[in-house]
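Working notes for the structure below.
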Amino acid sequence: MKRWFRAPLILPDRVIPDGLLAYDAGRITDVWDLADPAAPPVPAEAEVVERGYLAPGYLDIHVHGGGGGDFMDADPEAVVAITTIHARHGTVGLLATTLTAPEEQIIRAIRTVRQAPRKGARVLGYHIEGPYINLAHKGAQNPEYVRPASIAEIDRWMAEGGPEDRWHVTLAPETDGALEAIRYLVRRGATVSAGHTDATYDQMRAAVEAGLSHATHLYNGMRGLHHREPGTVGSALALPGVTVELIADGVHVHPAAMQVAVRARGPERVLLVTDAMRATGMGDGEFTLGGLPVTVRNGEARLHSGSLAGSVLTMDRAVQNAVRLIGLDLPTAVAMATLHPARLLRLDDRKGSLAVGKDADLLVLDEDLNVKATIIGGEVVYDER
């Protein structure tokens, strides 16, 4: 049965102040600007969103956990806890993100995600963060399990996925076997990202030529920018075709540095992510990440050494911060959480914007961009109204 909304509609390039949208059978069927003389009459049954917006659902390509669970727990209940808490904050699709760990543990995590009940945000595939990283920038990754890239291991990971799963791999391109792994992953349809890396400009350029196309949590866990050696940061901002992701929690990256990234790379090549860990939605306390103890205080997750250990960010807050801290307009901020990740995942024909024929993945937002309802494929999965 067709469902109608009358609301301001957030599109990638503008906001329609008075819009009309309908969906049926899980797909968007109508998108109208009511200022257009060709627009149809508003159906009597249309739901009116006052003092708020209708937006496309958010897509998060980097999320480890939330609601007390971590994908590495290899526990179906943990998977449901993660997808449920993130759907409450506007995420309709995500990549289940792993950590540096023994191969069998990574495979067990992938297998569990595939078998877990489907509830809340949809798992669109897997982000394998590590184990092919540089110890100099290990961050909260467990150094015991860092190892050289292995094509055979990659094959065993990917054998656990389904035909529709997206694969995204973060590695350090300067490490042993990395360039060969990049070429192989790209041939297999994966996207490859530089992260936890000490790569120089020349090493990054070689990686991009091999097929690397993204930078994981820009500025964090990588060689910084120097005017005589642009490093990983400078390379990610300068080399053609590279997209970057920002953890826009105001903790991982200074607002001015986020502005630099958006201006240098162009907003269309910037994505918002959470890098959320299990404490997301749980408040302050003691937790673990990859077997390492983590303390969460005042919205910051840190190892006992003081290093940042993921975040407790949610996508709704990331979009709010993109507007408030970076100074972006609303369509641009929302596109960084919707259309841009959809393009990276090659899902923009189905997801990422309010357009006829796309999946009915919708958010009802209030004026402050808080999520009031989340609809995934036409199914209401969260509604606090």
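First residue of the sequence shown: 1, per the UniProt record's numbering; consecutive thereafter. Note that CB positions come from ideal geometry on N, CA and C, so glycine has one too. Treat the numbers as computed from the prediction; the structure is a model and nothing was measured.
Whether residue i touches residue j by CB criterion (8 Å)
i, j, result
"residue 218", "residue 245", "yes"
"residue 15", "residue 21", "no"
"residue 175", "residue 130", "no"
"residue 154", "residue 184", "yes"
"residue 359", "residue 90", "no"
"residue 353", "residue 365", "no"
"residue 254", "residue 220", "no"
"residue 197", "residue 223", "yes"
"residue 70", "residue 64", "yes"
"residue 171", "residue 247", "no"
"residue 381", "residue 87", "yes"
"residue 182", "residue 207", "yes"
"residue 191", "residue 344", "yes"
"residue 107", "residue 157", "yes"
"residue 19", "residue 276", "no"
"residue 391", "residue 119", "Absent from the structure is residue 391, since the part of the chain shown begins at 1 and ends at 385."
"residue 178", "residue 149", "yes"
"residue 292", "residue 308", "no"
8 Å contact criterion, which residue i and residue j should meet: CB distance rounded
i, j, result
"residue 121", "residue 92", "6 Å"
"residue 140", "residue 310", "6 Å"
"residue 128", "residue 169", "5 Å"
"residue 204", "residue 173", "6 Å"
"residue 318", "residue 296", "So it is not a contact: roughly 17 Å between Cβ atoms."
"residue 378", "residue 23", "5 Å"
"residue 237", "residue 265", "5 Å"
"residue 59", "residue 342", "6 Å"
Exposure of residue i, with buried meaning 16 or more beta-carbon neighbours within 10 Å
i, result
"residue 269", "buried"
"residue 351", "buried"
"residue 242", "buried"
"residue 159", "exposed"
"residue 136", "exposed"
"residue 52", "buried"
"residue 56", "buried"
"residue 48", "exposed"
"residue 321", "buried"
"residue 263", "exposed"
"residue 25", "exposed"
"residue 305", "exposed"
"residue 1", "exposed"
"residue 143", "exposed"
"residue 233", "buried"
"residue 13", "exposed"
"residue 230", "buried"
"residue 214", "buried"
"residue 123", "buried"
"residue 283", "exposed"
"residue 327", "exposed"
"residue 383", "exposed"
"residue 163", "exposed"
"residue 102", "exposed"
"residue 6", "buried"
"residue 189", "exposed"
Residue i CB to nearest heavy atom of the ligand FAD below 7 Å
i, result
"residue 125", "Because no ligand of any kind appears in the structure shown, any question about the ligand FAD cannot be addressed here."
* Asked: Can you list the beta strand (DSSP E) stretches of 3 or more residues lying completely in the region 255-300, in chain order?
  -> 270-273, 285-289 and 292-297
* **In chain order, each beta strand (DSSP E) run of at least 3 residues that lies wholly inside the region 191-241** => 191-194
* Within the region 168-193, ranges of the alpha helix (DSSP H) (whole runs, at least 4 residues) -> 178-187
* To do: Give, in chain order, every unbroken run of the alpha helix (DSSP H) that is at least 4 residues long and sits entirely within the region 43-84.
  => none
* Asked: Three or more beta-carbon pairs under 8 Å between the region 66-84 and the region 28-44, yes or no?
  -> no
* Which full runs of the alpha helix (DSSP H) of 4+ residues lie inside the region 333-377, going along the chain? -> 339-344
* Is the region 36-46 close to the region 358-378, with three or more CB pairs under 8 Å? -> no
* At least three beta-carbon pairs within less than 8 Å, the region 283-299 to the region 322-335 -> no
* Give, in chain order, every unbroken run of the alpha helix (DSSP H) that is at least 4 residues long and sits entirely within the region 105-166. => 151-158
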